[in-house]
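S.K.:
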Amino acid sequence: MKLFWEKYKDAEQPLKTWYNDTMKASWKNSQDIKMDYSSASIIDNNRVVFNISGNKYRLVVVIKYKLQIIYIRFIGTHKEYDKKNVKEV
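Using our numbering, the letters of the sequence shown correspond one by one to residues 226 to 314.
1. CA-CA distance, V314 and F299?
2. Using a 10 Å radius around the Cβ and a threshold of 16 neighbouring Cβ atoms, would you call I258 buried or exposed?
3. Quickly, what does DSSP pair G301 with across the bridge? List them, please.
4. Could you spell out where the beta strand (DSSP E) holding S266 opens and where it closes?
5. What does the alpha-carbon distance come out to for the pair M248 and N254?
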């Protein structure tokens, strides 16, 4: 994430906030995520898309709920995101 916010300075604080929120969270399922991030999109294959910096950037993660592990699969601009198949990243 740091490499991304070094390129896109306005993403730094929103990404740090997201990171801090996720470190405190104990999400058991997608409904728990929606309670904290109502704008998050739940995708097949345990993927979740978070809108970062007012939907300017997108963060795609895979969540292993039982293990409480989040894998970042993609972070990019909205334009870059539109070119991705988020079910496969």
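Quick reminder that beta carbons are idealized off the backbone N, C-alpha and C, glycines included.
M.R.: With the structure as the only source:
1. Computed Cα separation, rounded: 7 Å.
2. By the 16-neighbour rule on beta-carbons within 10 angstroms, I258 is buried.
3. G301 is bridged to R283.
4. S266 -> beta strand (DSSP E) spans S266 to I268.
5. If you draw a straight line from the Cα of M248 to the Cα of N254, it is about 15 Å long.
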